[in-house]
Each structure stands twice: as C-alpha cells, then as structure tokens.
Amino acid sequence: MQARTLLILFFLLAISPSGYTHSKITTGAERIAQYLSLIQGKRVGMVVNHTSIVEVEQTHLLDTLLKLDIKIVKVFAPEHGFRGNTDAGETVKDGKDLRTGIPIISLYGNNKKPTAGQLKDIDVILFDIQDVGARFYTYISTMYYVMEACAENRKEMLVLDRPNPCDYIDGPVLKSPYRSFVGMLPIPILHGCTIGELAQMINGEGWIANKKNACLLKVIPMTGWKHGEPYSLPIKPSPNLPNDQSIRLYASLCPFEATHISVGRGTIFPFQVLGAPNKKYGSFVFTPRSLPGFDKKPLHQGIACYGEDLRNNANISGFTLYYFLHFYQISGEGTGFFSRPRWFDLLMGTDTVRKAILRGESEETIRNSWKKELQAYRETRKKYLLY
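Letter by letter, the sequence shown follows residues -21 to -1, 1 to 366 of mature numbering (1 follows the signal peptide of the UniProt record, and there is no 0).
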C-alpha cells in the first residue's frame, strides 16, 4: 500500500470512527472511509448544496474531497443553488464555483434532469443534500431525476445519508395525475424516510424505467441516529426554513402558498406565522419586506398582515390541517380562498382534500379518507428502512 494511501486512511479514521454513541451522529458524508475506494480514480459528479458539510471540520464536502485528490468533474445544483441563497422558485443558473473553478450545472430551471451530454465525462454521481422529510421539498425530486438519468446512462450513484428532522408518516399519498416537481413519487406528504431509504424505495419499487434496480445505487448510511430520535439541523436547509420550528410547521403551512395567506416569507420567521391584510385573521401583526437571504419578493410585500404567531407553539407533530381549516373558515370565501387551486392539489398530491374542505368536512373525516393508503405505504416503507 502506498504511503499516500496510508496517510489518507489515517485521516479518514480520525474523522470517521467506525463505532458511535447515540450522542454522536456521523453522517454518510463524514464516513469517507466507507466510500473513498468507490470514487478514487474515477471522474466524479456531485449533487450538493450548502448543507453538504463535513461537520468535524465544518468544511464543504467538495473541498474535503478535493484535498484527498478526488477528481471532481462538475457540480449539479438543486433549487436554491449550490450555496443555498436563491429564492424558492427562482431559476438557478449555470456557472462556476468561485473557490475551485469547477463548473456548476443547474438542475432547477429548464433542465431538472442531467442530460446524457452532461454525464458523458462522469463515472459516478455523489448525492449529498439535507432533506426535511416533506414530499414537496424539491431536493428529493432532484434526487429522483438524477437516479433516472444515472439509470438511463448506466452511471453509478452514491447517496450519502443524513437524518430526517421531521420523521413522521402522514398526509395523503400522491396520485399519478398530480405528479409534478413538488411531488414526483407515490408517497405521503411526510414520508418518514431518510434520503438513502427513499432512494432505495425508488429503486426497489421500480419507480424508474418501470423495472427494479434500474439505478446502479449504493447508499452510505449514517451512524448514531435511528428513527424517532430528534435531529436539529446545523445549517438551514433552504432560505425560508431557518430553524427547527419552521421545519416542524413546514408541511402543515406549505399548503397556504396556494392561497392569499402569508406564511411569513419576507420576515425573519417564515413558516412560523400566518396572516393576511385583514384584521379578521387575528391580532398578531407582521409586514413582509424584501429580505435578502430569505425572500426578495414576498407575498403582501410592504403591507401589514394580521394573523397568528406560531413561534412558541410546542404542540406540533406531523401534518395537520387544523391551521388551514381555521383560516379557511375565518375567510368566509369558499372556493375563493384557493387563489391557486391547481397548486394546492399538486401540493396535496390529490384533489380530494380541496373538495372535502369545500364540502365542509372535518379534519378527522378528511384524515380517515387517506388512512388505508397510508397503512399500505407504511408496509412498503418497512422494506427499505436502514435505522
């Protein structure tokens, strides 16, 4: 064994212990000794963003691998960009990483799936992005498209696993007519999987190319975490999820984005408040502003919004329609409350929830409507659990 390889292995063992305790989570990205041999001497493409951090040194995975002389050919960037500072829905442009000069290819714009040409000079794709556990959080849609591209072009793919900070199974399962970039897979709103487990499910259930094991996939699991254990993210995963409370509320408040109700974009507490320019919605007041690092063009910009402050609400677990039904009833607008009904249906993965709300059904009745399909999903999920 060459001296340099010995030095590398010594370094890896120092930052990636094989054992662990429950007080120390070692992410897949940090377990470099587990995947170094799979990328050494190969041309590597990375699907990463600002969350792709090796925490022991607080360095980006890209920089860490370059120090180990791994040949990184290009970086593919998801929604919000490589550095995670692009607004939701804003086009991410191609470019170069200013620090390393490595080309950055956008996967959020016209090109959401790597093309054959973009993969031609790559042997293996390495995917390392922090998910939050919600179906409409688009990083998992990007992962699906990358897996599909790897399958079509016979490229290897490594998924470096990270914990799920919103580890619940809840909400309706997506129906195929409502498939979109905010819902690519037949899974519930809260899927209860890590990205590694979800990648295995995509492969195992034949959701790519209508056959099983279509992607040459390998998952590098984390250590020190198991389902049901809390996880606080060290870095905000996107501009408008700045803390644990926003992540806990995200799945339940995101459907409001199909209405005229603000979820706090343009404030320093997005996805923690609700309101609109009408005092009937509540006594808490906030005014959305153009706020770099959060949202530059928020709903109701510069207009006082009245509603509710949920920042100190500790009774949050999973997905609930409570807030949505409450504001819908206060509005008295009926169908007019859904300013973008198609968008609401895409977020829900079905039109049955919107129609049930318009019929005046209770949350309990609506939840019972997806109970059977949710149980079937739970059984499917069991086959792919790693923790």
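Ideal Cβ positions, reconstructed from N, Cα and C, are used throughout, including at glycine.
Keep in mind that this is a model prediction, so the values were computed, not measured.
*In terms of alpha-carbon separation, which member of Gln354, Pro156, Gly74 and Phe55 lies closest to Ile104?*
Distance check between Ile104 and each of Gln354, Pro156, Gly74 and Phe55 places Phe55 closest, using alpha-carbon atoms only.
*In or out: Ala355 buried (at least 16 other Cβ within 10 Å) or exposed?*
Exposed, since its Cβ has fewer than 16 Cβ neighbours within 10 Å.
*How about Leu164 and Ile148: do their beta carbons lie closer than 9 Å?*
In this structure, Leu164 lies away from Ile148, with their beta-carbon atoms at least 9 Å apart.
*Can you pull the DSSP bridge partners for Arg22?*
Note: Arg22 is bridge-paired with Lys50 in the DSSP secondary-structure output.
*Check whether the Cβ atoms of Pro144 and Ser241 sit closer than 9 Å, and answer yes or no.*
Result no, Cβ atoms of Pro144 and Ser241 do not sit closer than 9 Å.
_Burial state of Asp48 (16 or more Cβ within 10 Å)_ = Exposed.
_8 Å CB neighbourhood of Ile32 in its chain, flanking five on each side removed_ = Ala8, Thr38, His39, Leu40, Pro213 and Ile214.
*Helix, strand or coil: which one does DSSP assign to His239?*
In this structure, His239 counts as coil in the three-state DSSP scheme.
*If you draw a straight line from the C-alpha of Pro167 to the C-alpha of Pro93, how long is it?*
Taking the CA atoms as reference points, Pro167 sits about 26 Å from Pro93.
*Please classify Phe250: does DSSP put it in a helix, a strand, or coil?*
Of the three classes helix, strand and coil, the one that applies to Phe250 here is coil, per DSSP.
*Range covered by the alpha helix (DSSP H) that runs through Phe273*: It is not in any alpha helix (DSSP H) - Phe273 carries neither H nor E in the DSSP assignment.
*With burial defined as no fewer than 16 other Cβ atoms inside 10 Å of the residue's Cβ, what is the status of Ile247: buried or exposed?*
That one is exposed.
*For Pro142, I'd like the list of residues in its chain whose CB is within less than 6 Å of its CB, leaving aside the five on either flank, ordered along the chain.*
Counting only residues of its own chain and dropping the five nearest sequence neighbours on each side, Pro142 has a CB closer than 6 Å to the CB of Trp204 and Tyr210.
*Is the stretch 283 to 292 touching the stretch 311 to 324 in the sense that three or more CB pairs, one from each, lie closer than 8 Å?*
With a cut-off of 8 Å on Cβ pairs, the stretch 311 to 324 is not in contact with the stretch 283 to 292, counting fewer than three such pairs.
*Reducing DSSP to helix, strand and coil, say where His1 ends up.*
Low per-residue confidence applies at His1: pLDDT is 36, beneath 50, and the placement is therefore not dependable, though the value from the model is reported in the following sentence. His1 falls in the coil class under three-state DSSP.
*Only counting runs of 3 or more residues, tell me where the beta strand (DSSP E) segments fall wholly within the stretch 82 to 113, in order along the chain.*
You should have 82 to 85 and 103 to 107.
*Please classify Thr173: is it buried, with 16 or more other beta-carbons within 10 angstroms of its beta-carbon, or exposed?*
Result: buried.
_Out of Thr266, Asp324 and Arg22, which one is the CA nearest neighbour of Tyr285?_
Considering only alpha carbons, the answer is Thr266.
_Judging by CA-CA distance, which residue of Lys351, Met327, Glu208 and Trp186 is the nearest neighbour of Ile4?_
Selected option, being the one with the closest Cα: Glu208.
*asked:* Can you give me the C-alpha to C-alpha distance between Asp42 and Arg319, rounded to a whole angstrom?
replied: Looking at the two C-alpha atoms, the distance is approximately 42 Å.
*asked:* Check for me: the beta strand (DSSP E) holding Tyr285 runs from which residue to which?
replied: Membership of Tyr285 in the beta strand (DSSP E) is indicated by the continuous run Cys284 to Asp288.
_When Arg360, Lys362, Asp324 and Ala128 are compared against Lys154, the one with the closest alpha-carbon_ = For Lys154, the nearest C-alpha among the options comes from Asp324.
*Could you give the distance in angstroms between the alpha-carbon of Gly183 and the alpha-carbon of Lys197?*
Approximately 12 Å between the Cα atoms of the pair.
_For Gly162, three-class secondary structure by DSSP_ = If DSSP states are grouped into helix, strand and coil, Gly162 belongs with the strands.
*If you draw a straight line from the C-alpha of Met126 to the C-alpha of Asp146, how long is it?*
Each residue's alpha carbon lies about 23 Å from the other.
_Beta carbon of Asp274 nearer than 9 Å to that of Asn222_ = Taking a C-beta distance under 9 Å as the contact criterion, Asp274 and Asn222 do not qualify as a contact pair.
_Spatial neighbours of Tyr302 within its chain, please: C-beta separation below 7 Å, excluding the five flanking residues on both sides._
Contacts found: Ser231, Leu232 and Leu253.
*Tell me whether Gly96 is buried or exposed, calling it buried when 16 or more other Cβ atoms sit within 10 Å of its Cβ.*
Residue burial is scored here from C-beta neighbours: Gly96 has fewer than 16 other C-beta atoms within 10 angstroms and is therefore classed as exposed.
*Coil, strand or helix - Gly68 by DSSP*: Note that Gly68 scores 47 on pLDDT, short of 50, meaning its location in the model is unreliable; the coordinates nonetheless yield the value given after this. DSSP places Gly68 in the coil class of the three-state scheme, outside both helix and strand.
*Per-residue DSSP class, three states only, for Ile187*: DSSP, reduced to helix, strand and coil, places Ile187 outside both helices and strands of the structure shown, so it counts as coil.
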